[in-house]
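The opening position of the sequence shown corresponds to residue 1 in our numbering, with each subsequent residue numbered one higher. From the three backbone atoms N, C-alpha and C, an ideal C-beta is built for every residue, glycine too. Here's the structure, in structure tokens; my notes come after.
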Amino acid sequence: MRSNNFLINKGILKNDMKRWAFLGIIYFLGIFFLIPLRIIMLQHMPPDFMAYDMPYKYLEILMPYRSPMLAFLLLAMPVLTGILLFRYLQNGEEVAFHHALPVSRKTFYHTHMLAGCILLLVPLFLNIFIVWLLAGIYGIPYLSGIYLGKWLFLSSLLNLFMLSLCVFLGTITGMSFLQALLTFIALYLPAGFIFLLNTNLGFLLWGWPAEYYSYVLERYDLVNRIMNLYGANRFTYLITAMPTDIVLDYRQLLLPFFLMAVFYLAGLYLYNRRKLERAGEAITFDILKEIFRYGVVFCVMLLLGSYWGETQGSIIWTYTGYLLGSLLAYAGVEILLARSFDIFHLRIWRGYLVYGLAIIFMLLVVKIDIAGYEKKLPDLDDIKYVYMDQSFGYFKLERDIEQMIKRGADPKELKKQGLTRPALNVFYGEENIKKIIELQEKIVADRESLKRERNTNMKKFMNHPGYQKICLIYEKKDGSLFIRQYAVERKRYASALKPVYESEEYKKNNFSIYHLPLAKVREMSINGYEVEHKNVVIKDPALIAEAVAALKKDIESLTYEEMFKPGRTFWGSIDFIIEDDSPPEGYRIESIAWEKTFTYFDEWLKKIGKYEEARIIPGKDISCVLIKKIEEKDPEKFIKKVGEQKLELDLLFRQGFVRIDDKEAIEYCLRCYVYPYAVQEDLDYLNGYLVVFARDFENTTVPVFTGIITEKPSGI
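The following block contains the structure:
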């Protein structure tokens, strides 16, 4: 019979509409219940509920990242539609019947795709039209026609993108369940694959900045890129900030449009070349079977290896995960491709042996470090600046803000949304850069012993309080970046870290006191810790200026040991209330901790007669302390016992605690005590004393809080 070569066949289109109309009805009702009906329900909420954040309550209804059900519907319905419209491809009899008709394959393809577009887009159009009517009836200015039009455009794009991807993968596989599975896997495949590779390189390659590259992965997440256009994560670190408009960044739109066109045309090409008898097979093209086989094996291997490496904290478990993951994945893929459990034959497993040898070779290449990645150091003369912190987060935030401003974002508007440039640990001084390179040289020189320690107890190495992450980004004078990430024991590298953290450049970056706009400081509030009613408020600008000057002197004197003392405690916090038009409240708060080593600030408080009002005082706020030698030598058990300790005076005496009433001894304990969790970082504290601080209430002494001191007060 002569084939009909028109792009669209009206008969097939009508049949699709009759047969699958229920999909459009379900989609319409789902969207209706999630958007228009919720708007109607909001109108019947109590006025006091709607008084706060009114625009956001309406806008978040339309935001997929605020409504999991809406996000699921926008992603799942196109996939279901694509599977059902092309369901005949996965059945041998049905596909033979369809292709026996005098209709060309391209006509079938284009007609079914058009039917899918109608079934998906009409419900969206109708619901947005209803929302537009409701906005007019109820007088909701936030849901403008332009806003709703942008939402409709993005949702249509997401639907068509998912439909084209699903249909494209449907031409590759002959199983409907595998088509659905592959669609959602493919959606996250680029980001997921790079994430797994990045995580495993973090285990295998010393200095690999896995945390930094995990931030970069966002650009490979296709769904996230489209969701970002709705406003999600547009303000990268402030997810809670609800944008009041959808900003259509056309550069972000190019990739979804391009991929949609690629999937559509690739699906058409493969549809025309697919053999009818391949219906029911896992993969319908022989050339793709090997890619599928080893792609699945490699990904599952990385997944299980990284999972066991993270949870068990050992490189041995990582390698075990590689072996078991690849074996299970290879067996599963062979069962799927052969549609049989009869896979235990040497000819079938030859491919796995070759794959295994290739993986062993790759692991050896990484271990030997042929490229010299682990030993490589930057050249001091090429460095413009270096970022050093315990995370890459602030660096990324700074770059994100720069990009937003370059794209036209108003810095004042960003500030209103809570996005301000962070105080970065960026060092421009040549002396500091030199010290940081020397620190890295020491870490590189010790890498073999550090790697052995990490490989035997990865959990302790990554999460123990006594270890510090060192994240380094060197920007060279040519604009390129040299990035490394390490985790080291703080005590072991204290001598190398000390000059950097005690430098003026570091302190000016990290202490907000150096950036206070004194002319805009409305008041200063000093709030003491541990007991209530310790508060001093100062509004005199001259006194505030004196306090700031005293604090700067104290901060200049801070040592590395004081800044990073495990479990260190403070007298309280010092808060500056600053006039600022950006936040809705009309002010912002900058806070610094009142360190117990501060002397200039303490003397200033004594001079103005506010010292005892601001901090906890022996004899007045604390009547006595009870101390006892620590007997438990296991830090975890000790912390658990302290947490379960009943603070009852008689019980404490029975347990061997000794009471001290001397004010000087109490002052010593108050100045020197640290929080009990400090034993996790420094086991020397387990050789010290547990201290319980108590105060008098109506002729009764009541224990109020606990701590640890390394040495008991003199004379006790």
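Cβ shell of R105 (< 8 angstroms), same chain only, five flanking positions each side left out = Non-local beta-carbon contacts of R105 in its own chain, meaning distances under 8 angstroms to residues more than five positions away in sequence, involve H99, Y271, N272 in chain order.
Do L74 and L158 come within 7 angstroms of each other at the CB atom, strictly closer than that value?
-> At a Cβ-Cβ threshold of 7 angstroms, L158 and L74 count as neighbours.
Measuring CA to CA, which of I185, G174, I137, N9 is closest to K275?
-> Comparing Cα positions, the closest option is G174.
Name the DSSP bridge partner or partners of V444?
-> DSSP lists no bridge partner for V444.
Would you give the residue range spanned by the alpha helix (DSSP H) that Q753 belongs to?
-> In the structure as shown, the chain begins at 1 and stops at 716. Residue 753 is therefore absent and cannot be evaluated.
For the beta strand (DSSP E) that contains I589, what are its first and last residues?
-> From DSSP, the beta strand (DSSP E) with I589 extends over 587-595.
Decide if T456 is buried, meaning its Cβ has at least 16 other Cβ atoms within 10 Å, or exposed.
-> Under this definition T456 is an exposed residue.
By Cβ distance below 7 angstroms, which residues in the same chain neighbour Y330 in space, the five residues on each side in sequence not counted?
-> Only V297, Y352 meet the Cβ criterion.
Bounding residues of the alpha helix (DSSP H) (the contiguous stretch that carries F638) = Taken as a continuous stretch (DSSP letters only), the alpha helix (DSSP H) holding F638 covers 635-644.
Throw me the rounded Cβ distance for the L114 and I26 pair, which I believe falls under 8 angstroms.
-> About 20 angstroms separates the two Cβ atoms, so there is no contact after all.
Could you say which of I359, A487, I226, E334 lies nearest to R347 if we only look at CA atoms?
-> With distances taken between Cα atoms, R347 lies closest to E334.
Using three-state DSSP, classify Q403 as helix, strand or coil.
-> The three-state reading of DSSP puts Q403 in helix, counting H, G and I together.
Among I443, F511, K520, the one whose alpha carbon lies nearest that of A496 = Out of I443, F511, K520, I443 has the C-alpha closest to the C-alpha of A496.
Which residues bound the alpha helix (DSSP H) around Y138?
-> For Y138, the uninterrupted alpha helix (DSSP H) segment begins and ends at 105-138.
Where does T240 sit, in a helix, a strand or coil, going by DSSP?
-> Here the model assigns T240 a pLDDT of 34, short of 50, so the residue's position is not dependable, and the following value carries that caveat. Under the three-state reduction of DSSP, T240 is assigned to coil, being neither helix nor strand.
Any contact of the region 146-155 with the region 169-187, i.e. 3+ C-beta pairs under 8 angstroms?
-> Judged by Cβ distances under 8 angstroms, the region 146-155 makes no contact with the region 169-187, as fewer than three pairs qualify.
Consult DSSP for F599 and reduce its assignment to one of helix, strand or coil.
-> Going by the sequence as given, residue 599 is Thr instead of Phe. It is coil, neither helix nor strand.
Three or more beta-carbon pairs under 8 angstroms between the region 530-550 and the region 475-483, yes or no?
-> In short, these stretches do not touch, since the Cβ pair count stays below three.
Touching by the beta-carbon criterion (3+ pairs, under 8 angstroms), the region 370-385 and the region 305-318 | Remark: fewer than three beta-carbon pairs, one from each stretch, lie closer than 8 angstroms, so the region 370-385 and the region 305-318 are not flagged as touching.
Report the three-state DSSP secondary structure of N535 (helix, strand or coil).
-> DSSP places N535 in strand when its eight states are reduced to three.
List the DSSP bridge partners of T700.
-> F697.
Tell me, which residues are paired with C471 by DSSP?
-> Looking at the DSSP assignment, C471 forms a beta bridge with D389, Q485.
Can you name, in chain order, every residue of its own chain whose Cβ lies under 8 angstroms from the Cβ of W20, other than the five neighbours on each side?
-> In chain order, T81, L84, L85, A115, L119 place their CB closer than 8 angstroms to the CB of W20, counting only its own chain and leaving out the 5 sequence neighbours on each side.
Can you tell me the Cβ-Cβ gap for K435 and P499, rounded? I've got them flagged as a contact below 8 angstroms.
-> Their Cβ separation, rounded to whole angstroms, is 5 angstroms, which keeps K435 and P499 in contact under 8 angstroms.
Mind checking which residues open and close the alpha helix (DSSP H) that includes W151?
-> Taken as a continuous stretch (DSSP letters only), the alpha helix (DSSP H) holding W151 covers 145-172.
Relative to the alpha-carbon of E93, which residue among E277, I137, P64 has its alpha-carbon at the smallest distance?
-> Taking only the C-alpha atoms, the option nearest E93 is E277.
In the structure shown, what three-state DSSP assignment does T706 receive?
-> Looking at T706 - three-state DSSP - the assignment turns out to be strand.
Could you round the C-beta distance between L551 and I592 to whole angstroms and report it? I think they count as a contact, below 8 angstroms.
-> Going by Cβ atoms, the distance from L551 to I592 rounds to 7 angstroms, so yes, they are a contact pair.
Using DSSP bridges, identify the partner residues of Y689.
-> For Y689, the pairing in a beta bridge is given by DSSP as K629, I709.
Following the continuous alpha helix (DSSP H) through G321, name the residue where it begins and the one where it ends.
-> Here the alpha helix (DSSP H) through G321 covers 315-338.
Thinking C-beta only, is V521 closer than 7 angstroms to I544?
-> For I544 and V521, yes; Cβs fall inside 7 angstroms.
Run the proximity test for F705: is its beta-carbon closer than 6 angstroms to any non-hydrogen atom belonging to the ligand SAH?
-> By its list of ligands, the structure shown contains no ligand whatsoever, and the ligand SAH lies outside what it can speak to.
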